[in-house]
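Read through the structure below, which is laid out as structure tokens, and then see the notes.
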Amino acid sequence: MTARPRILVTRKITDPAEARLEALFDARFNPKDRTYSGDELVALAEGRDGLLVAAGDPLNAKVIGALPDSVRIIATLSVGHEHIDLDAARARGIPVTTTPGGLDNATAEMAMMLILCAARRANEGFRLVREDRWTGWTPTMMLGTEVTGKRLGIVGMGRIGQALARMARGFSMEIHYHNRSRLAPEAESGATYHRDPDSLLEVSDFLSLNCPLTPQTTGFLNVERIAKLPDRAVVVNTARGGVVEDTALIAALRSGKLAAAGLDVFTGEPKIDPAYRALDNVFVMPHLGSATREARDAMGFKCAENLLAFFEGREPPDRVA
Ligand code: DGY
Numbered sequence: 209m210t211a212r213p214r215i216l217v218t219r220k221i222t223d224p225a226e227a228r229l230e231a232l233f234d235a236r237f238n239p240k241d242r243t244y245s246g247d248e249l250v251a252l253a254e255g256r257d258g259l260l261v262a263a264g265d266p267l268n269a270k271v272i273g274a275l276p277d278s279v280r281i282i283a284t285l286s287v288g289h290e291h292i293d294l295d296a297a298r299a300r301g302i303p304v305t306t307t308p309g310g311l312d313n314a315t316a317e318m319a320m321m322l323i324l325c326a327a328r329r330a331n332e333g334f335r336l337v338r339e340d341r342w343t344g345w346t347p348t349m350m351l352g353t354e355v356t357g358k359r360l361g362i363v364g365m366g367r368i369g370q371a372l373a374r375m376a377r378g379f380s381m382e383i384h385y386h387n388r389s390r391l392a393p394e395a396e397s398g399a400t401y402h403r404d405p406d407s408l409l410e411v412s413d414f415l416s417l418n419c420p421l422t423p424q425t426t427g428f429l430n431v432e433r434i435a436k437l438p439d440r441a442v443v444v445n446t447a448r449g450g451v452v453e454d455t456a457l458i459a460a461l462r463s464g465k466l467a468a469a470g471l472d473v474f475t476g477e478p479k480i481d482p483a484y485r486a487l488d489n490v491f492v493m494p495h496l497g498s499a500t501r502e503a504r505d506a507m508g509f510k511c512a513e514n515l516l517a518f519f520e521g522r523e524p525p526d527r528v529a
């Protein structure tokens, strides 16, 4: 490397990650964390060799098509990459990298938290206390369901799914999963593989969505699939909102077919379907799955590692396009 590569970092990221980038590159940061429009992004990319972007940045075909020729790589601070039109990037010959690994535990912990909070009616309990409506203890007040001994169905047994399985075993849950391919026995650790997702649904007292959003998984949890779940099942989603059909999930939560849901991701977020806010049996979080110091540092370091590899003429380790 001769001159330090010039990069644009579109969002405020953690101080240790910014320090790492600053040491390696001529980095332009966004200290006020403004959300850039597509046009702003294109303008700010002028003269930059690489972009470090994040979920929510509008890297659609139009924006990628308009990026200045100086931009030779896009590193996203996320595992999901649905905000980037990969075909458009390929057409421009711009490699795209993601950040697998560093957020596995954080996201799995969020899924476990959603499982517990949904099972134990945390939303209702929290509101009762906060709104000063709690009138006293009774033996039958707000009874939830235990996770101990229950079957947890995991859709998408990648790194996050496997981390969740490890945690859920600590709660004595029985692990079942569906994945495109079956894991090796060591990784499976006794979990039961279901080649057919519908057979997984039939046994899932708790169902956790941990798959990427792809054309195949979009709308995965629809009316027909919800009908296959045991009555009073609990659904949690830390993947992407688009994996669920909102109207189907909301109807099942209203009818009592499902006991509860724990949701960290939503279609159209932050503008979520308002029905979720009105449902007592839904525990919601604002897409905080990977929002830990540890995970966000690791994600920033991963971006730095991928950018450095590229600028040094090596294959970036986490390239997806
Ligand atoms: C991810 O890495 O995909 C997280 O959901 C943040 O976007």
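Just so we're aligned: the sequence shown equals residues 209 to 529 in the working numbering.
Heads up, the beta-carbon is just placed ideally off N, CA and C, and yes, glycines get one too.
Bear in mind the structure is a predicted one, so any value in this text is a computation, not a measurement.
Consider the C-beta atom of residue i and the heavy atoms of the ligand DGY; say whether any pair is separated by less than 8 Å.
{"i": "Val287", "result": "yes"}
{"i": "Gly497", "result": "yes"}
{"i": "Leu311", "result": "yes"}
{"i": "Met507", "result": "yes"}
{"i": "Ala263", "result": "yes"}
{"i": "Val250", "result": "no"}
{"i": "Val443", "result": "no"}
{"i": "Val304", "result": "no"}
{"i": "Thr307", "result": "yes"}
{"i": "Val492", "result": "no"}
{"i": "Val473", "result": "yes"}
{"i": "Thr425", "result": "no"}
{"i": "Thr222", "result": "no"}
{"i": "Thr315", "result": "yes"}
Out of the options, which one is the CA nearest neighbour of residue i?
{"i": "Leu415", "options": "Glu394, Glu332, His386", "result": "His386"}
{"i": "Cys419", "options": "Glu354, Gly364, Arg256", "result": "Gly364"}
{"i": "Gly470", "options": "Glu396, Pro213, Ala330, Val271", "result": "Ala330"}
{"i": "Thr356", "options": "Ala376, Thr307, Ile362, Gln370", "result": "Ala376"}
{"i": "Gly246", "options": "Leu267, Glu520, Gly366", "result": "Leu267"}
{"i": "Glu477", "options": "Ile215, Arg462, Asp488, Pro494", "result": "Pro494"}
{"i": "Val156", "options": "Gly273, Phe233, Ala263, Ala231", "result": "One cannot answer for residue 156 here, as it falls past the ends of the chain, which runs 209 to 529."}
{"i": "Pro423", "options": "Ala435, Asn430, Arg300, Gly450", "result": "Gly450"}
{"i": "Tyr484", "options": "Ala373, Arg462, Asp505", "result": "Arg462"}
{"i": "Arg214", "options": "Leu252, Ala225, Met320, Lys220", "result": "Leu252"}
{"i": "Asp406", "options": "Gly398, Glu396, Ile362", "result": "Ile362"}
{"i": "Arg212", "options": "Thr222, Lys240, Asp223, Asp257", "result": "Asp257"}
{"i": "Gly369", "options": "Thr353, Glu396, Trp345", "result": "Glu396"}
{"i": "Glu248", "options": "Ala231, Glu332, Val217, Glu523", "result": "Val217"}
{"i": "Arg191", "options": "Ala235, Leu324, Ser380", "result": "Coverage of the chain is limited to positions 209 through 529, which leaves residue 191 absent and any answer about it impossible."}
{"i": "Ala373", "options": "His402, Ala319, Glu410, Trp345", "result": "Ala319"}
{"i": "Asp472", "options": "Ile323, Thr222, Asp293", "result": "Ile323"}
{"i": "Thr353", "options": "Ala371, Ile302, Asp413, Asp234", "result": "Asp413"}
{"i": "Ile480", "options": "Ala499, Gly464, Val452, Glu339", "result": "Val452"}
{"i": "Phe474", "options": "Ile282, Leu417, Ala517, Ala299", "result": "Leu417"}
{"i": "Leu437", "options": "Ala467, Asp241, Ala283, Asp454", "result": "Ala467"}
{"i": "Arg440", "options": "His402, Asn489, Phe428", "result": "Asn489"}
{"i": "Ala262", "options": "His289, Ala269, Thr222, Lys270", "result": "His289"}
Buried or exposed: where does residue i fall if 16 or more other Cβ atoms within 10 Å of its Cβ makes it buried?
{"i": "Arg433", "result": "buried"}
{"i": "Val443", "result": "buried"}
{"i": "Thr243", "result": "exposed"}
{"i": "Thr348", "result": "exposed"}
{"i": "Leu351", "result": "exposed"}
{"i": "Pro276", "result": "exposed"}
{"i": "Arg501", "result": "exposed"}
{"i": "Asp312", "result": "buried"}
{"i": "Ala447", "result": "buried"}
{"i": "Phe334", "result": "exposed"}
{"i": "Ala503", "result": "buried"}
{"i": "Ala327", "result": "buried"}
{"i": "Ser389", "result": "exposed"}
{"i": "Thr346", "result": "exposed"}
{"i": "Ser278", "result": "exposed"}
Tell me residue i's beta-bridge partners as DSSP assigns them.
{"i": "Thr284", "result": "Val261"}
{"i": "Thr305", "result": "Ala283, Arg527"}
{"i": "Leu415", "result": "Gly361, Val443"}
{"i": "Val217", "result": "Leu260"}
{"i": "Asp234", "result": "Arg214"}
{"i": "Thr400", "result": "His384"}
{"i": "Val452", "result": "Leu429"}
{"i": "Leu294", "result": "Leu294 pairs with nothing; no bridge assigned."}
{"i": "Leu267", "result": "Ile292"}
{"i": "Leu466", "result": "Ala441"}
With a threshold of 9 Å between beta-carbons, can residue i be considered close to chain C, or not?
{"i": "Leu229", "result": "Of the protein chains in the structure, only one exists, and it is not chain C."}
Exercise. Identify every run of the alpha helix (DSSP H) within the segment 354-387, keeping only runs that are complete inside it and at least 4 residues long; order them along the chain.
Key: 367-377
| field | Any beta strand (DSSP E) of 3 or more consecutive residues that is wholly inside the segment 469-526 | value | You should have 490-492.
ask   = Hey, which unbroken runs of the alpha helix (DSSP H) at 4 residues or more fall wholly within the segment 323-357?
value = 330-338
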